[in-house]
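The opening position of the sequence shown corresponds to residue 158 in this note's numbering, with each subsequent residue numbered one higher.
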Amino acid sequence: MKITKEEVLHVAKLARLNLTETETESLINDMGNIIGFADKLNELNTDEVLPTAHAIPMQNAFRADEVKESFPREEILKNAPDSDGDGFLIPKVVE
């Protein structure tokens, strides 16, 4: 698929970009190459590939969500400039 100058200028306008003539010509070529690559990918047979499949085995990098002992409230509040024993007291900022 050939990308036209008008299409590049339209996308640039949507992105609020002011392109020079040289940048416009360069983007016509670059965007054409990207579309060409995507067209090549469309030629691949993906009938047997699951939509969420990965090339390598993946596993969650996050730790298990476990309930753990927290810091004592008194220890945390001793660093506060002002507290009421249950939480931090802060100056009112909205009238």
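Note that CB positions come from ideal geometry on N, CA and C, so glycine has one too. The model shown is predicted, which means the values in this text are computed figures rather than measured ones.
8 Å Cβ shell around residue i - same chain, five flanking residues per side excluded
{"i": "Ile192", "result": "Met158 and Ile160"}
Residue i: first and last residue of the uninterrupted alpha helix (DSSP H) it sits in
{"i": "Val165", "result": "Lys162 to Leu171"}
{"i": "Ile191", "result": "Glu178 to Asn199"}
In DSSP terms, what residue i is bridged to
{"i": "Phe245", "result": "Ser240"}
DSSP state of residue i mapped onto helix, strand, coil
{"i": "Arg220", "result": "coil"}
{"i": "Ile213", "result": "coil"}
{"i": "Leu234", "result": "helix"}
Residues near residue i in its chain [Cβ-Cβ closer than 6 Å; skip 5 each side]
{"i": "Leu176", "result": "Ala169"}
Other residues of its chain near residue i: CB distance less than 7 Å, five sequence neighbours each side excluded
{"i": "Leu246", "result": "Asp239 and Ser240"}
May I ask you to verify whether the segment 163–170 touches the segment 179–197, counting CB pairs closer than 8 Å and requiring at least 3?
yes
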